[in-house]
Amino acid sequence: MNAPVESGESSLQRFNYFGLFFGRSNCPGVTPRMSHHPPIFHIQENGFGALNGRESLYMDSFLATTYHLLPFLPASTFRDLLGSFSRIHCITKCLVLAALALGATVTKNTEHAEGLCEEARQALSRFEDMVNLRAIQIDVLISYYLVTTGRPNASYLVIGRAMRRAFAGGFGKEGVGVNHLNEERLRERRLTWASAVMVDRIFSYAFGRPSAFTGSSSTPAPFVSKFPGFVPLPPGYPILDTISRLSPIMSRAISEIYCSRKKSLLKSYKSAMEIQKEIEGLKATMDPSLRISVDTPIAEDSDGVKQILAYNIIQHAYMLTFRPFLLFRAMLNPTSPISTQKLQKLNQACRICVDTAREFVTILDNACKSNPLVRVSPPSSQFHAYTYLPRRSDSTAFISKQPPSSSRTRPLSTNPRSRPRTRSLLPSKPPLNASRSSKSGFH
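Per the UniProt record's numbering: the sequence shown = residues 1 to 443.
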């Protein structure tokens, strides 16, 4: 008899990730008013009084966590802008408000985060036709905030707008026009472009949407330390360098795994294994300060956050490469003819996917216990196997380390609020639509 499946709701709530699956209005403790009508503090007119003196805390929280992914300005500049808030330009105030909103997500003051983000969005609407670095930076921060708070559709639209601003301003290419820029301004321009492309590529890949930038789809390995558009990446930013090297690998996965509708199972498996080798090569050659494993303790303070951020994105690419095999195995009709060779390859791909999830869940759990900053980091900077394992309509999937002949399996609960412990991933019987599903995709 199967033991009852342990509910995953507490884990989702622990990382404030419940809204990504079931909508923010369904989150425990969130009322419809909080979800759809966030408070407006009128900070630009009245100052930070409504935040009860927490603005410095929010800025420090942002700089200790999300900032490592979006470092288009020096940390000291963000602090200076906060200190001179009443004297800076309106659009720069929007930038500060967006950064504070992201910092507030690290705390329990989610209503402050919502109010800050909403005020930044409303103020930015007055500059909707503006094409400059500041407008792009604000869009990138708001997009990251929206995905952090479980609104991927809104996030996708906002990062798309940021990319269009960048294209309109010519920030994706460098010609003689950049020769007049000083070193600081040129670095800001390059980091803004890199951050925008990073958010666009990762979010598009993770949520299965077309990327605004498709120019790198044929970029081959070996890797280069630059983002699409031939804009050099300034040295000293190991996370962005790692993602720039991961970008062509993600493009290959999209092309060979997801967009090849008539590709055979064995050919798709071969492509996935080649992509696996490329990812392993990236992990072996990435900056030593970012490398972590199950057997090595995570670094303390913000260095540990950097490690989790980088490893999280790599694991996204890893699992999304093998997730189609997982879904196909879950939907496979036992009566459908399939050769032993194909079944072995399919099971091996499933195990790679699940073992990757299990490994990083262990790493993240250890990191949360030893590093307070990782424990409170925004949800989108953490990895959750739930996102990439079959869920809801794929409720007959299993997670297992057992060999294919084993009958010991544990079904995924059909309750959408329940999640399995990471044990098995082989189906006992197909869902009602399995015969139809197994005819599409791999063959």
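All C-beta atoms, glycine included, are put in the ideal place defined by N, C-alpha and C.
Could you tell me which of Ser-61, Pro-324, Leu-309 and Arg-121 sits nearest to Gln-348, measuring between CA atoms?
As a working mapping, residue 348 is identified with position 348 in the sequence shown. Of Ser-61, Pro-324, Leu-309 and Arg-121, the residue nearest in Cα terms is Pro-324.
Using the Cβ count rule (16 or more neighbours within 10 Å means buried), how would you classify Leu-70?
If you number the sequence shown from 1, residue 70 lands on position 70. Counting Cβ neighbours within 10 Å, Leu-70 comes out buried, since at least 16 surround it.
In terms of alpha-carbon separation, which member of Asn-132, Ile-159 and Pro-152 lies closest to Arg-190?
Start at 1 with the first residue of the sequence shown, and residue 190 comes out as number 190. By alpha-carbon distance to Arg-190, the top candidate from Asn-132, Ile-159 and Pro-152 is Asn-132.
Buried versus exposed call for Ala-166 [16 or more other C-beta atoms within 10 Å across all chains shown]:
Position 166 of the sequence shown, counting from 1, holds the residue named residue 166. Around the beta-carbon of Ala-166, 16 or more other beta-carbon atoms lie within 10 Å, marking it buried.
Cβ of Glu-156 within 7 Å of Cβ of Arg-209?
The residue labelled residue 156 in the question sits at position 156 within the sequence shown. The residue labelled residue 209 in the question sits at position 209 within the sequence shown. What sits at residue 156 in the sequence shown is Tyr, not Glu. Yes. Within cutoff.
Do Thr-335 and the ligand NAP come close, with the Cβ less than 6 Å from some heavy atom?
Within the structure as shown, the ligand NAP is missing, as the structure has no ligands at all.
Enclosing alpha helix (DSSP H) for Val-294 [first to last residue]
In the sequence shown, the residue the question calls residue 294 occupies position 294. That residue, Val-294, is in no alpha helix (DSSP H); it is neither H nor E in DSSP.
What is the DSSP secondary structure of residue 444, reduced to helix, strand or coil?
Look at the range of the chain in this structure, 1 to 443, and you will see that residue 444 is not part of it.
If you compare alpha carbons, which of Leu-346, Ala-330 and Asn-312 is closest to Glu-359?
To locate residue 359, count along the sequence shown from 1; it is residue 359. Taking the Cα of Glu-359 as reference, the smallest distance to any Cα among Leu-346, Ala-330 and Asn-312 is reached at Asn-312.
Could you check what DSSP says for Ser-407 in three-state terms: helix, strand or coil?
The count along the sequence shown starts at 1 and reaches residue 407 at position 407. With a pLDDT of 33 at Ser-407, under the threshold of 50, the predicted position of this residue should be treated as unreliable, though the coordinate-derived value follows. Note: Ser-407 maps to coil in three-state DSSP.
Could you pull the start and end residues of the alpha helix (DSSP H) that Thr-321 belongs to?
Reading the sequence shown from its first residue, position 321 is the one you call residue 321. Its alpha helix (DSSP H) spans residues 301-331.
Which same chain residues end up closer than 7 Å to Glu-299 when comparing Cβ atoms and leaving out the 5 residues on each side of it in sequence?
On the sequence shown, position 299 is the one that residue 299 refers to. A small correction: the amino acid at residue 299 is Ala; Glu does not occupy that position in the sequence shown. Only Gln-307 meet the Cβ criterion.
Does DSSP put Pro-232 in a helix, in a strand, or in coil?
On the sequence shown, position 232 is the one that residue 232 refers to. Reduced to three states, the DSSP call for Pro-232 is strand.
For His-89, which three-state DSSP category applies?
Indexing the sequence shown from 1 puts residue 89 at position 89. If DSSP states are grouped into helix, strand and coil, His-89 belongs with coil.
Rounded straight-line distance, which links the Cα of Arg-375 to that of Ile-292
Within the sequence shown, residue 292 is the residue found at index 292, counting from 1. Within the sequence shown, residue 375 is the residue found at index 375, counting from 1. So the two alpha carbons sit approximately 17 Å from each other.
Buried versus exposed call for Asp-200 [16 or more other C-beta atoms within 10 Å across all chains shown]:
By 1-based counting over the sequence shown, the position of residue 200 is 200. So Asp-200 ends up on the buried side.
Would you call the stretch 240-259 in contact with the stretch 318-338, where contact means no fewer than 3 C-beta pairs closer than 8 Å?
The answer is yes - the stretch 318-338 touches the stretch 240-259, with three or more Cβ pairs under 8 Å.
Under 8 Å: do the stretch 112-126 and the stretch 140-153 share three or more Cβ pairs, one atom per stretch?
A contact exists between the stretch 112-126 and the stretch 140-153.
Using only the alpha-carbon positions, how far apart do Pro-74 and Leu-327 sit?
Looking up residue 74 in the sequence shown gives position 74. Looking up residue 327 in the sequence shown gives position 327. Computed Cα separation, rounded: 43 Å.
In whole angstroms, give me the CA-to-CA distance for Phe-72 and Asn-46.
Locating residue 72 in the sequence shown gives position 72, counting from the first residue. Locating residue 46 in the sequence shown gives position 46, counting from the first residue. Each residue's alpha carbon lies about 28 Å from the other.
Given a threshold of 16 other Cβ atoms within 10 Å of its Cβ, counted over all protein chains shown, does Lys-108 qualify as buried or as exposed?
Indexing the sequence shown from 1 puts residue 108 at position 108. Taking all protein chains shown into account, Lys-108 has fewer than 16 neighbouring C-beta atoms within 10 Å of its C-beta and is therefore exposed.
Using 8 Å for Cβ pairs, my map puts residue 444 next to Leu-95. What's the rounded Cβ distance?
For residue 444 there is no data in the structure shown, the boundaries of the chain being 1 and 443.
Taking Asn-46 as part of the alpha helix (DSSP H), name the residues at either end of that continuous run.
Locating residue 46 in the sequence shown gives position 46, counting from the first residue. Per DSSP, Asn-46 belongs to the alpha helix (DSSP H) from 43-46.
Taking 8 Å as the cut-off, does the stretch 99-117 touch the stretch 52-65 (at least 3 CB pairs, one atom from each stretch)?
Cβ pair count under 8 Å is three or more, so yes.
Taking the alpha helix (DSSP H) that Ala-50 belongs to, which residues open and close that run?
For this step, residue 50 is matched to residue 50 along the sequence shown. Segment: none, Ala-50 is in no alpha helix (DSSP H) and carries neither H nor E.
Go ahead and pull the three-state DSSP assignment for Val-96.
If you number the sequence shown from 1, residue 96 lands on position 96. In this structure, Val-96 counts as helix in the three-state DSSP scheme.
Would you call Gly-150 buried or exposed, if buried means 16 or more other Cβ atoms sit within 10 Å of its Cβ?
Walking along the sequence shown from the start, residue 150 turns up at place 150. Counting every other CB atom within 10 Å of its CB across the protein chains shown gives Gly-150 a total of 16 or more, marking it as buried.
Do the CB positions of Ala-310 and Thr-242 come within less than 7 Å of each other?
To locate residue 310, count along the sequence shown from 1; it is residue 310. To locate residue 242, count along the sequence shown from 1; it is residue 242. Taking 7 Å as the Cβ cut-off, Ala-310 and Thr-242 qualify as a contacting pair.
Compute the distance between the beta-carbons of Ala-253 and Ile-275, then report whether it is under 7 Å.
Residue 253 sits at position 253 when you count from the first residue of the sequence shown. Residue 275 sits at position 275 when you count from the first residue of the sequence shown. Yes. Within cutoff.
Considering only the alpha carbon of each residue, which of Val-147, Asn-153, Ser-204 and Leu-240 lies closest to Trp-193?
Here residue 193 is taken as the residue at index 193 of the sequence shown, counted from 1. The candidate whose alpha carbon is nearest that of Trp-193 is Leu-240.
Are Gly-281 and Asn-371 touching if we call contact CB-CB under 7 Å?
Your numbering for residue 281 matches position 281 in the sequence shown. Your numbering for residue 371 matches position 371 in the sequence shown. Pairing Gly-281 with Asn-371 gives a Cβ-Cβ distance that is not under 7 Å.
Under a Cβ-count criterion, where at least 16 other Cβ atoms within 10 Å of its own Cβ denotes burial, should Ala-367 be classed as buried or exposed?
If you number the sequence shown from 1, residue 367 lands on position 367. Ala-367 should be labelled buried.
Using DSSP with H/G/I as helix, E/B as strand and the rest coil, what is residue 457?
Residue 457 cannot be examined here, being either before or after the span of the chain that is shown, 1 to 443.
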